[in-house]
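S.K.:
In our numbering, the protein residues as written are 170 to 1033.
#1: Consider the Cβ of residue 239: report whether some Cβ of chain B lies at a distance smaller than 8 Å.
#2: Could you give the distance in angstroms between the alpha-carbon of residue 251 and the alpha-carbon of residue 755?
#3: Skipping 5 residues on each side, what residues in its chain have a beta carbon closer than 7 Å to that of residue 971?
#4: Among 718, 726, 752 and 768, whose alpha-carbon lies nearest the alpha-carbon of residue 694?
#5: Provide the residue span of the alpha helix (DSSP H) that contains residue 750, from first to last.
#6: Taking three-plus beta-carbon pairs below 8 Å as touching, is the segment 853 to 864 in contact with the segment 796 to 806?
#7: In the DSSP output, which residue or residues are listed as bridge partners for residue 259?
#8: Measuring CB to CB, does residue 981 end up less than 8 Å from residue 927?
#9: If we ignore side chains and look at the alpha-carbon of each, how far apart do residue 774 and residue 841 end up?
#10: Apart from the five residues on each side of it in sequence, which residues of its chain come closer than 7 Å, Cβ to Cβ, to residue 209?
#11: Could you check if residue 715 is buried or exposed, using at least 16 other CB atoms within 10 Å of its CB as the buried criterion?
#12: Give every residue of the same chain whose Cβ lies closer than 6 Å to the Cβ of residue 804, excluding the five residues on either side of it in the sequence, and list them in chain order.
#13: With burial defined as no fewer than 16 other Cβ atoms inside 10 Å of the residue's Cβ, what is the status of residue 585: buried or exposed?
#14: Identify the continuous beta strand (DSSP E) that holds residue 279 and give its terminal residues.
#15: Find the nearest neighbour of residue 789 within the set 947, 968 and 920, judged by alpha-carbon distance.
#16: Between the beta-carbon of residue 710 and the beta-carbon of residue 760, is there less than 8 Å?
#17: Give the DSSP-derived three-state secondary structure of residue 979 in the structure shown.
#18: Taking its Cβ as the centre, do 16 or more other Cβ atoms sit within 10 Å of residue 832, making it buried, or is it exposed?
#19: Can you tell me which residues form a DSSP beta bridge with residue 235?
#20: Is residue 307 helix, strand or coil when you go by DSSP?
#21: The alpha helix (DSSP H) spanning residue 785 covers which residue range?
#22: Are the beta-carbon atoms of residue 303 and residue 318 separated by less than 8 Å?
#23: Are the segment 696 to 713 and the segment 849 to 860 touching, with three or more C-beta to C-beta distances below 8 Å?
#24: Taking DSSP as the reference, what is the three-state secondary structure of residue 397?
#25: Would residue 227 pass as a contact of residue 267 if the rule is Cβ separation under 8 Å?
#26: Is the separation between the beta-carbon of residue 705 and that of residue 776 shorter than 8 Å?
#27: Excluding the 5 residues preceding and the 5 following residue 1017 in the sequence, name in chain order all residues of the same chain whose CB lies nearer than 8 Å to its CB.
#28: In its own chain, which residues sit with a C-beta less than 6 Å from the C-beta of residue 987, not counting the 5 before and 5 after it?
#29: Taking the C-alpha atoms as reference points, what is the distance between residue 539 and residue 486?
#30: Beta carbon of residue 287, beta carbon of residue 233: below 8 Å?
#31: By DSSP, does residue 219 sit in helix, in strand, or in coil?
#32: Could you give the DSSP three-state label for residue 1016: helix, strand or coil?
#33: With H, G and I counted as helix, E and B as strand and the rest as coil, what does DSSP make of residue 606?
#34: Please state the DSSP three-state secondary structure of residue 840.
#35: Which of the three DSSP states, helix, strand or coil, is assigned to residue 709?
#36: Helix, strand or coil, according to DSSP, for residue 999 in the structure here?
Quick look at the structure:
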């Protein structure tokens, strides 16, 4: 370790004693930091200045009128909102001027609202909706980010259009609902007592209807009794008709006998007259009695039927009135009462028709009774006349016989009339019996229907009483006031709600105040990588042994790394403290500065390893790695937004973990995320030191060859390698000692064959190295989506070609070294073997230094 410290002190003294070196030192410390500082300040809060992004707006909307919402001009409403909006630099021009400004680059974007915009948009109210379009023009040539910002403005504009229209419609409807609610409130307040009174009246009327139906039921029972009485009267009338027929038969026989006895009358006139008078009086009495009975039965039936008609007509009229009352109350609208009312109306009409038929038949009975009464009167008159004639006959039979004969004729005629009336009455009796049966059936059906109607009316009355109670309860409660209050809307509040029904409450986790602070981890990591890369470019990487003594390869590696680490620490302190001075947010300033120092040392370890192991090629790899890390380390965009090629490389980059560690120090620590990032960075350091300390000695010959070839070009700076060359393989030394001439011929033959193929292989490698990347470039144009993958393949191919060319040169150099080995004397080879066996590091260059000089001179001579 002492040689390392001595070498480090010597190098520090060399720098501090040279004034010009201080300028370089200051430049190495501060220039890389400027990259981070300028970018952080430049990106400090760019989104607060979006109001300066000029966006043209042309409003040509003419508005629209709809019955439901009235006149609406969404374009004007939108323009007024945009004038109040300062998120973008809105300015209002004509449509033609807006397009020209975008084309000239004076405005980044333009929005044109067409003249029929409101007409199309409000068509949703009356069903004539056609999706309206706002014309959006954007100039993507001006800037890469501006179109994204104006695109966000376009989305915001679309939301404002929707919210403006919805809020307008909602406000209009709310005003109408509020107006309707006030009207309903007034109607409810004014009509509440009227409704209660009407329900009460309807309930009372239903009670009266129920009483009427009950009374009607009683009348129906009375009518059924009278119908039964009418049937009894008809039975009595049948008996009377039979007696009357018998009496008329006797009277007819008497008249016949009288006519036959007229001739004998004169002889026994006194006796006959007495017998005639007696028998005539008896016959007339019987006929009068039977006729009176018949006439009484007919009159009784007429009276009974008349009573039935009166009761039936009264019931029929009462039914009709009740039905009209029920219809006026709207009972027919009730599901249970509608069919009952219809059946009752039908039956009441049938009863009315039956009563009409019975009334006509009763009129016929009355006429028949009148005819019977007239016939009986005529018979009595004839009997009286016969009696008078018999009396007078006693005084003058001869003179009175014509009178008797005339009386007999009258009696015969009266008997015939009476028989005719009896026949008519017997014919009508069957009709009366059928009508009475129909009337009895109708009365039973009507009674059943009345019972159902009574039950329905009772149920309806109960419902109305309940409704009356509910109305009174509602009247005494706040239900109506709540109903009216629920329709007393605030149109402005409703419109505000419909325009934005929800709001997002942002709860920031690990808040970062400014965009510059959020970008500080990326720019600081880039600055540290650039600073470390500048160190390996400007400072010498090879360590000489002047004033130090002999040093191993590992000691030289660590000595130079420690010197560069001092610069890297200085760079980290400068850039991180400068970030804090600028105002970068941190949760721990010490953690932020310490993280910068750790990240700087990690980057230095990786870059120093590549530069020392592969020299110019390693430095080129450093550039390629930083180019890939910018998009692949998720410094700007989430890695999920990147192509799959960068997502694959993301966990391999040291940038990924350096940025994550600094983000923890800036925004806040979570769990072990910070420690995990530092641990992975430590793994990168271990890998870098493993390659630098273990692999580098095996690449010394390769590096020496590359440096020598680059120096010959006269254009590249090539640093000489101060490490001892690699040892010859023991097999090569033994082969030379075993058969010096044979091994020499074998090496010479292989070298000659290789030199013959060497130009062709080199040209082929160069051609393929150019053609394949060109082909990949063509494919990238044809398939833009695969550009990252093709770019990765291009880089890999270039590395393959470079590796091939290096291997080609290494083989050539190895053959040259083997030829040099064969040119040594056996004594030199034996000495080399002894030193190799004793572990003394020696090189063919040191053992045959004079021969190397001769070989170089020979090569120069051959080239000339």
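The C-beta atom is built at its ideal place from N, Cα and C for all residues, glycine as well.
M.R.: Taking the coordinates as given:
#1: Any reference to chain B falls outside this structure, which holds one protein chain only.
#2: 37 Å
#3: 786.
#4: 768
#5: 722 to 751
#6: no
#7: DSSP lists 224 as partners of residue 259.
#8: yes
#9: 24 Å
#10: 685, 688, 689, 692, 748, 751 and 753
#11: Answer is exposed; the Cβ neighbour count stays below 16.
#12: 691 and 828
#13: exposed
#14: 278 to 282
#15: With distances taken between Cα atoms, residue 789 lies closest to 968.
#16: no
#17: helix
#18: buried
#19: According to DSSP, residue pairing for residue 235 in a beta bridge involves 239.
#20: strand
#21: 785 to 801
#22: No, these two residues do not count as a Cβ contact at 8 Å.
#23: no
#24: In the structure shown, residue 397 sits in a helix (DSSP, three-state: H, G or I).
#25: yes
#26: Note that the C-beta distance between residue 705 and residue 776 is below 8 Å.
#27: Confidence in residue 1017 is poor, its pLDDT being 41 and thus under 50, which makes the residue's placement too unreliable to answer from.
#28: The answer, listed in chain order, is 916.
#29: 30 Å
#30: yes
#31: helix
#32: Low per-residue confidence applies at residue 1016: pLDDT is 38, beneath 50, and the placement is therefore not dependable enough to give any value.
#33: helix
#34: coil
#35: coil
#36: Note: residue 999 maps to helix in three-state DSSP.
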